[in-house]
Amino acid sequence: MRDAKIEFNDIRYPYDDTWPATSERLKQEGITRTGKVPALVINGIIINQHIAILRYLARDIGRYEGETNHEKFQLDAVADVYNDWRTHWVASLKGVTDDYRNKIVPQYYDVIAKYYSANNGPYLLGDKISYADFAVYQSIDNDERIGTLPSKLPEVLQKFREAFEARPNIAAYIEETRPKKA
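Counting in full-length UniProt numbering, the sequence shown runs from 1 upward without gaps.
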């Protein structure tokens, strides 16, 4: 949203021993049907599921979605691979397993790198940033935060990361929100 210069109120909830009660409260308040976040309230409509939110915003603002059927396929395919990875990542929040670190993570980045290698440019669709790029960046950031990001990302994903983080609005957002290293 920051990249598109959309103003928003970012509310974060701790994923700790208070989360079960928070999740239940959010369901009771109608903020989420599943008890999970993120949730987006836009024009009085509540939207859940982060990939669905990204797609909704892309369609709503007419950017980040791809133009051809083939481009939209690429975005959907990468989003599906991301969703598969995310299920494992969330489970890792309770403790990283050897299977996640040594099997799931390398396979995920290998598959994602193959998609990114298919087009010339730092983003999945070449020079055009898409909603799927935001999800892939989130996976890189999430794995880095829990110490499971491979020490050497495939070169195509390293170039993507550098280009993504260099986008002015994203760079400002990262600076504002990323925990400072000691």
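We put the beta carbon where it would ideally sit given N, CA and C, even for glycine.
Same chain, Cβ closer than 7 Å to residue i, five either side skipped, listed in chain order
i: Y116; result: L124, V156, L157 and F160
Among the options, the one whose alpha carbon lies nearest that of residue i
i: P20; options: D10, I11 and T34; result: T34
i: F134; options: D99, K94, L57 and L153; result: L57
i: T148; options: Y108, D127 and A113; result: Y108
i: E66; options: Y131, I47 and R178; result: Checking the sequence, you will find Gly at residue 66 rather than Glu. With distances taken between Cα atoms, G66 lies closest to Y131.
i: A77; options: I51, I140, V37 and R178; result: I51
i: L153; options: P106, R55, Y64 and W85; result: P106
i: Y137; options: F164, G126 and K114; result: F164
i: V37; options: R178, V90, P168 and I174; result: V90
i: A118; options: H70, I104 and V96; result: H70
Beta-bridge pairing of residue i - partner residues as DSSP gives them
i: L125; result: K128
i: N48; result: A39
Distance, residue j Cα to residue i Cα
i: S151; j: K72; result: 31 Å
i: N102; j: V81; result: 17 Å
i: R145; j: D60; result: 31 Å
i: I42; j: R12; result: 17 Å
i: H88; j: T18; result: 22 Å
i: S139; j: V111; result: 13 Å
i: Q74; j: R55; result: 13 Å
Boundaries of the beta strand (DSSP E) in which residue i is found, first to last residue
i: I174; result: It is not in any beta strand (DSSP E) - I174 instead sits in the alpha helix (DSSP H) that spans P168 to T177.
Boundaries (first-last residue) of the alpha helix (DSSP H) holding residue i
i: S151; result: Where S151 is concerned, there is no enclosing alpha helix (DSSP H), given that its DSSP letter is neither H nor E.
i: N83; result: N69 to S92
i: A118; result: Counting along the chain, A118 falls outside any alpha helix (DSSP H), and DSSP gives it neither H nor E.
i: T22; result: W19 to Q28
Sequence-distant residues of its chain with Cβ nearer than 8 Å to residue i (five each side left out)
i: T32; result: S23, L26, A39, I46 and N48
Cβ shell of residue i (< 6 Å), same chain only, five flanking positions each side left out
i: I129; result: Y123
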